[in-house]
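Note that our numbering has the sequence shown beginning at 1, numbered continuously upward.
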Amino acid sequence: MISICMYNKPINAVHVEVTDRCNSECPACARSAMGGPVKSFIKNKELGIKHFTDFIGKKFCSQIKHWNFCGNLGDPSNAQELVEIVEFLFTCNPDTKIDIRTNGGARNTKFWKKLGKQFKNKTFEKNGGVIWSIDGLEDTNHIYRKNVRWSNLWKNFQSYFSVMEDNPAGSKGAWEFLLFDHNKHQISEIKKICESFNLEFRCKEAFGFNKNIETNETYTMPVYDRIPDENNLYKKLYSIKPFDIDDTKLNDNHKPHIDENYKYVRGGPYDLELIEKYLVDNNLNIDINCASVSETENFYEIFLNADGAVYPCCFHASKMQIGDGQLKSMYNIYNNYLNKVNTMEVILSSSLFTEVLSDGISGNLNNSKNKKSFCMTCVDSCAVDKNISKQLSTLKI
């Protein structure tokens, strides 16, 4: 059964890229080239409080049950008016849930105390709070969370919780831990810290490790310097090993330097003609379970980009940022940038959201009668059969 991505019911969840700025230089993040030079599509944008009060509006915000401040590129704590935005959203709907994912290393203790006060006397289960993306302790966190200073992170962490001592029973947040070879030995110690702060502990296997299909080897993750040398080259600093893969099955063969060309992106990763032929020739049954829509869970989510654009999901936003040709052709005749005139209601009632996006999921793009024509971003990101995404990866440009 194909989930049709058609917003015929009121939106009740919002994923927010409140800024594309970040203090960290994580090697798997799309904002940089493996921890090195910042990609050309980073514009240092953010959504201020007026974007929420004047453009999104109290009426729309009052119907939202869940806000997820995360995104593709930035850390929400880098948004200058984040506290004011959270305060406004709770004013609109005191029962809404607001999750804020952060590496914790930006800003100062004053900011984190102000943010903590917004969640005081609330429970994490009902109203949300901060989800701390910390991948180790003082001697390991910086290996993946490059440029996050532990001393600043830990002061911020403690300041946030210092104003929440009187919180009702229930967890006060979550520690979300990416598992690597270099931090696996610290899980038990981190669990004890979580217990002392009354935090949920969430352990996730890290993504970003590529695999050589022919040799069945997994590539380590290279980490490059953000600052170029005198030849304008970015030096490889070290490599990161994935969790639980034998060294004999790892490939550490990376370039010792990368150059400025890594800052730029090509106009989309998909060779549509080749992929569509592949789907037909192999008679693949494409079943897409849209991550933004679930009728059984009453979940209808949109994505707000830091430049003011409204998308159905973070996957579309990220592919548009790198100039994906198919998505550009789907969006080019529509204005999905929010302002006082082009309101949320206008955008969501456009045929982009009511027809085109669902056609991309059902395989009916471009009024194709003789063959199925899918949105390849939807296939790649939300196909029920996860092996399809792996197969298509060999056909990308």
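Backbone N, C-alpha and C fix where the C-beta goes; we use that ideal spot for every residue, glycine too.
Quick one: grab the DSSP three-state call for residue i.
| i | result |
| --- | --- |
| ASP139 | coil |
| LYS204 | strand |
| ASP20 | coil |
| HIS15 | strand |
| TYR356 | For the record, residue 356 in the displayed sequence is Val; it is not Tyr. Helix at VAL356. |
| MET221 | strand |
| ALA306 | coil |
| GLU301 | strand |
| ILE333 | coil |
| MET6 | Low local confidence applies: a pLDDT of 46 at MET6 is under 50, so the model's placement there is unreliable, with the coordinate-based value given in what follows. In the structure shown, MET6 sits in coil (DSSP, three-state: anything other than H, G, I, E or B). |
| MET1 | Summary for MET1: the model assigns pLDDT 32, below 50, so the residue's position carries little reliability; its value from the coordinates is reported in the next sentence. MET1: coil per DSSP, three-state reduction. |
| ILE286 | coil |
| ASN387 | helix |
| ILE258 | strand |
| CYS382 | helix |
| ALA392 | With the sequence shown as reference, residue 392 is identified as Leu, and Ala is not the correct amino acid for it. Reduced to three states, the DSSP call for LEU392 is helix. |
| TYR264 | coil |
| LYS146 | coil |
| THR377 | helix |
| SER351 | helix |
| LEU279 | helix |
| LYS340 | coil |
| LYS371 | coil |
Quick check on the DSSP output: the beta strand (DSSP E) that includes residue i runs from which residue to which?
| i | result |
| --- | --- |
| ALA174 | 174-179 |
| LEU237 | 234-240 |
Please state whether the Cβ-Cβ distance between residue i and residue j is less than 8 angstroms.
| i | j | result |
| --- | --- | --- |
| ILE131 | GLU176 | yes |
| VAL451 | SER24 | There is no way to answer for residue 451, as the model of the chain reaches only from 1 to 397. |
| ARG101 | CYS70 | yes |
| GLU84 | ILE49 | yes |
| CYS290 | CYS382 | yes |
| LYS127 | LYS97 | As written in the sequence, residue 127 is Asn, which differs from the Lys given in the question. For ASN127 and LYS97, yes; Cβs fall inside 8 angstroms. |
| ASN156 | GLY104 | yes |
| GLY129 | GLY173 | yes |
| LEU82 | VAL18 | yes |
| PHE119 | MET164 | yes |
| LEU304 | LEU47 | yes |
| GLY116 | PHE161 | yes |
| TYR331 | LEU352 | yes |
| ILE399 | PRO27 | Here the chain has residues from 1 to 397 only, and residue 399 is not among them. |
| THR215 | LEU250 | no |
| ARG31 | LYS39 | yes |
| LEU365 | CYS375 | yes |
| TYR144 | LEU178 | yes |
| LYS211 | GLU276 | no |
| LYS45 | TYR300 | no |
| GLY35 | LYS184 | no |
| LEU279 | ILE288 | no |
| ASN141 | SER171 | no |
| ILE11 | ILE333 | no |
First and last residue of the alpha helix (DSSP H) that includes residue i?
| i | result |
| --- | --- |
| HIS316 | 314-321 |
| ASN152 | 150-162 |
| GLY363 | Where GLY363 is concerned, there is no enclosing alpha helix (DSSP H), given that its DSSP letter is neither H nor E. |
| GLU189 | 187-197 |
| LEU348 | 344-348 |
Closer than 8 angstroms, CB to CB, is residue i near chain B or not?
| i | result |
| --- | --- |
| GLU260 | Absent here is chain B; the protein component of the structure consists of one chain. |
Please determine whether the Cβ atom of residue i lies at a distance below 7 angstroms from any heavy atom of the ligand FMN.
| i | result |
| --- | --- |
| ASN261 | No copy of the ligand FMN appears in this structure; indeed no ligand is present at all. |
For this session: Within the region 78-134, note down every full beta strand (DSSP E) run reaching 3 residues or more, in order along the chain.
Result: Entirely contained in the region 78-134, the beta strand (DSSP E) runs reaching 3 residues are, in chain order, 97-102 and 128-133.
Exercise. Are there three or more Cβ pairs, one per stretch, closer than 8 angstroms when the region 383-393 is compared with the region 326-335?
Worked result: no
Exercise. Counting pairs of beta carbons, one from the region 355-363 and one from the region 257-267, are three or more of them closer than 8 angstroms?
Worked result: no
Exercise. Which ranges does the alpha helix (DSSP H) cover as unbroken runs of at least 4 residues, wholly within the region 30-77, from first to last along the chain?
Worked result: You should have 58-62.
Exercise. Touching or not, the region 54-64 and the region 72-86, by the rule of three or more beta carbon pairs under 8 angstroms?
Worked result: no
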